[in-house]
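Heads up, the thing below is written out as structure tokens.
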Amino acid sequence: KCGICEYTKVCGGCRARAYEATGNYLEEEPLCSYQPRKARPHY
Numbered sequence: 085k086c087g088i089c090e091y092t093k094v095c096g097g098c099r100a101r102a103y104e105a106t107g108n109y110l111e112e113e114p115l116c117s118y119q120p121r122k123a124r125p126h127y
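Residue numbering for the sequence shown is 85 to 127, as defined by the working numbering.
Given below as structure tokens:
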């Protein structure tokens, strides 16, 4: 989700929270409530 989010430069996501909640730091930020409307690749 962070890879397609237009707010990633402001937020950045929290790898520590993802790791604590899932055991994998590459999982989605568990406290993020943002739902992108559709996936858009960054070019």
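Yeah, the Cβ is synthetic: ideal placement off N, Cα and C, and Gly gets one too.
Residue A102 holds the alpha-carbon nearest to the alpha-carbon of E111 among A102, C98, S117. Taken through DSSP and simplified to helix, strand or coil, R121 comes out as coil. DSSP, reduced to helix, strand and coil, places E104 within a helical segment of the structure shown. The alpha-carbon separation between E90 and G96 amounts to approximately 10 Å.
One Cα belongs to C98, the other to E113, and the distance between them is close to 6 Å.
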